[in-house]
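Visitor: Counting in my numbering, the final residue of the sequence shown is number 1443, and the numbers go up one at a time with none missing.
One structure is given below, represented as structure tokens, and several questions about it will come after.
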Amino acid sequence: MTITPLGIDPAQCFIGGDWIVPMGADTLDLINPSDGSTLCAIARGQAEDIDRAVAAAEAALDGDWGRATAVERGRVLARIGALVLENIEELARLEALDVGKPLTQARADVIALARYMEFYAGAADKLHGATIPYLDGYTVYTLREPHGVTGHIIPWNYPMQIIGRSVGAALAVGNSCVLKPAEEACLTALAFAELAHRAGLPAGALNVVPGIGAEAGAALSAHQGVQHMSFTGSVGVGKLIQTAAAQNVVPVTLELGGKSPQLVFDDADVDAALPFLVNAGIQNAGQTCSASSRILVHRSRYDEVVSKMAARYGALRAGPAMDDLEVGPLVSARQREIVEGFIAKGGDLEVAGQGQIVADAPTGGSYVAPTLFAGVTPDHTLAQDEIFGPVQVVIPFEDEAQAVQIANGTAFGLVASVWSDSGARQMRLAKRLRAGQVFINNYGAGGGVELPFGGTGLSGHGREKGFEALYGFTALKTVAAYHGGTE
Ligand code: ADP
């Protein structure tokens, strides 16, 4: 069934530049989380389809794509970026239907995807090795080479952004990619493959196999033809991916989420901080790896921050993606149940603020009212576990030392932010906070594609985004040439 003018067929895989019926021709239903209806059937790719995709990726490396120069790779990526922007409304519509993302947020994701293409287009011919002074008679230099076939397993929360940062960087340095999107949301991944093809990306350089994690995903992460695995998703599946990749001794990049804090000190500009404090928790209905789910506030500003955040929560509306409100539905009924379970664990905690599900929201949609808990102790489940829903907790602290202890006191370490006027404190905390990104008097810095991103602890390892990602998608080769010493 063709459900889009972009011409994709979600019941098929995109392999070797062609739409191909998956082995067994099995499909899964794709659900619209705004009303629970079935959007379309999607391909249920099997291990055999992953085999075919890896073979197509290997053929591309032996063919035009493997021979393309860095400049040519950059040009293709630039054309893909332009085509993505030309199709912004259609891509945003697909993402809104599929993920439940309010349209404005879906459009921002399309722009981010295009920005990744632009950034990596420009970066493609700027990655280079080094020459190394060595013994008399030698010339030594390094080459940065693609791994070969790279596997990419992505989640449903930001399909376009994650494709941009992972596939974009991998292609820029000459890898061929096999992408397994999430079963909950795969339409924009397929649309992206079609657009990349139209932009002139050689057949096989990017292959997309939709399907179930335990089937197509497991087959990809264990495939002996894959030389690097990138995964964004849950901690549990991240461990499975790393274990599978270990059997083939291939490198893995894992981005597994977090429990990211914002620290509000006594000298903070609370009014400037407020939109960031709340938006970082409710954007994409809180289904964001780098969501800020913990707000740590100095005792002297605690009541003020809680009441101002509560007022904002009171104005939040959750409703259908196409209504473009502040909050959409969660991606699935399963995800809603998980988040409702967490809210129930709030027990007798103080609900300081709550948004509303709009009255005419379809009953089949996966809506959760955004909820703010106050007076939460740092060891409470709601302050320790990743909720992945529009839920934030506010925790008071007495001094800087305690703030750092609470901030660093989870198993995660993805993002943190410091709200304070003191330059000395900003510098101290930037060093002491356990996180892959620290923001000072902001949160997220607009999501910049240029900024290396990744975590520590259960948040994962390896860095995506920015120029840094290119190192992860290449292997360094040292060449030592002996030509004899000075005569
Ligand atoms: P969530 O719990 O938020 O849905 P997951 O980590 O389960 O996140 O899913 C992220 C991605 O990992 C999806 O593309 C999913 O299909 C895939 N996946 C799930 N289970 C496995 C598995 N056993 N092996 C490989 N990939 C998997």
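Glycine included, C-beta positions come from ideal geometry on N, C-alpha and C.
None of these values were measured; they are calculated from a predicted model.
(1) Mind listing, in chain order, the continuous alpha helix (DSSP H) runs of no fewer than 4 residues lying wholly within the stretch 1187 to 1272?
(2) Check M957 in the structure and name its three-state DSSP category.
(3) Mind checking which residues open and close the beta strand (DSSP E) that includes F1075?
(4) Roughly how many whole angstroms lie between the Cα atoms of R931 and P1334?
(5) What is the DSSP secondary structure of G1320, counted as helix, strand or coil?
(6) Output the residue ranges of the alpha helix (DSSP H) runs that lie fully inside the stretch 1388 to 1433 and measure 4 residues or longer, sorted by chain position.
(7) What whole-angstrom Cβ distance do A1325 and I1343 have, given they're in contact under 8 Å?
(8) Does the distance from the CB of G1124 to the CB of M1185 come in under 8 Å?
(9) Pull the bridge partners of E1306 from the DSSP assignment, please.
(10) Which runs of the beta strand (DSSP E) at least 3 residues long sit entirely within the stretch 974 to 1005? Give them in chain order.
(11) How long is the line joining the alpha carbons of K1387 and W975, rounded to whole angstroms?
(12) Per the contact definition of three or more C-beta pairs closer than 8 Å, is the stretch 1358 to 1367 in contact with the stretch 1223 to 1243?
(13) Since F1353 contacts H1254 with CB under 8 Å, what's their CB separation in whole angstroms?
(14) With DSSP collapsed to three states, give me the class of F1148.
(15) Excluding the five sequence neighbours on either side, which residues of its own chain have a C-beta within less than 7 Å of the C-beta of A1266, listed in chain order?
(16) For M1116, does the count of other Cβ atoms within 10 angstroms reach 16, so buried, or fall short, so exposed?
(17) S990: which of N1113, D965, L1053 and V1435 sits nearest, CA to CA?
(18) Need the endpoints of the beta strand (DSSP E) that T1442 sits in, please.
(19) Is it a yes or a no for the stretch 1061 to 1077 touching the stretch 1029 to 1039, going by three-plus beta-carbon pairs under 8 Å?
(20) Can you tell me the Cα-Cα spacing of I1109 and P1137, whole angstroms?
(21) Three or more C-beta pairs closer than 8 Å, one from the stretch 1082 to 1094 and one from the stretch 993 to 1005: is that the case here?
(22) Could you tell me if the beta carbon of S1249 falls within a distance shorter than 7 Å of some heavy atom in the ligand FAD?
(23) Please confirm whether E1150 and L962 have their CB atoms less than 8 Å apart.
(24) Do L1135 and M1113 have their beta-carbon atoms positioned less than 8 Å apart in this structure?
(25) Can G1001 be considered in contact with the ligand ADP, in the sense that its beta carbon sits closer than 7 Å to one or more heavy atoms?
(26) Under a Cβ-count criterion, where at least 16 other Cβ atoms within 10 Å of its own Cβ denotes burial, should A1437 be classed as buried or exposed?
(27) Would you decide whether E1211 is buried or exposed? Buried here means 16 or more other CB atoms lie within 10 Å of its CB.
(28) When DSSP builds the beta bridges, which residues end up paired with Y1094?
(29) Report the option in I964, S993 and G980 whose CA atom is closest to the CA atom of T1319.
(30) Please list, in chain order, all residues of the same chain as A1026 whose beta carbon is under 6 Å from its beta carbon, the five residues on each side excluded.
(31) Mind checking whether T1430 and E1101 have CB atoms under 8 Å apart?
(32) Could you pull the start and end residues of the alpha helix (DSSP H) that P1115 belongs to?
(33) For the ligand ADP, is there any heavy atom lying closer than 7 Å to the beta carbon of E1139?
(34) Does DSSP put T1087 in a helix, in a strand, or in coil?
(35) Mapping the DSSP letters down to three states, classify E1014 as helix, strand or coil.
Guide: Walking through what the data contain:
(1) 1191 to 1203, 1226 to 1238 and 1258 to 1270
(2) Caution is warranted here: a pLDDT of 41 is assigned to M957, below 50, making its placement in the model unreliable, and the coordinate value is therefore given only provisionally. If DSSP states are grouped into helix, strand and coil, M957 belongs with coil.
(3) Annotation: F1075 is outside any beta strand (DSSP E); the continuous alpha helix (DSSP H) that includes it extends over L1059 to A1079.
(4) Any question about residue 931 goes unanswered here, given that the chain covers just 957 to 1443.
(5) coil
(6) The stretch 1388 to 1433 contains these whole alpha helix (DSSP H) runs: 1424 to 1428.
(7) Actually they do not touch by this definition, with Cβ atoms about 14 Å apart.
(8) no
(9) A1330
(10) 974 to 976, 983 to 987 and 994 to 999
(11) 49 Å
(12) no
(13) 6 Å
(14) helix
(15) A1308, G1309 and L1328
(16) Result: buried.
(17) L1053
(18) Here T1442 belongs to no beta strand (DSSP E), and DSSP marks it neither H nor E.
(19) yes
(20) If you take the alpha carbons of I1109 and P1137, they lie about 6 Å apart.
(21) no
(22) For the ligand FAD, the structure offers nothing, since it holds only the ligand ADP.
(23) yes
(24) According to the sequence shown, residue 1113 is Asn rather than Met. For N1113 and L1135, no; Cβs fall outside 8 Å.
(25) Checking every heavy atom of the ligand ADP against the Cβ of G1001, none is found closer than 7 Å.
(26) exposed
(27) buried
(28) As DSSP reads the structure, Y1094 sits in a beta bridge with Y1438.
(29) S993
(30) A1080 and D1081
(31) yes
(32) P1115 to A1128
(33) Yes, the beta carbon of E1139 sits closer than 7 Å to at least one heavy atom of the ligand ADP.
(34) strand
(35) helix
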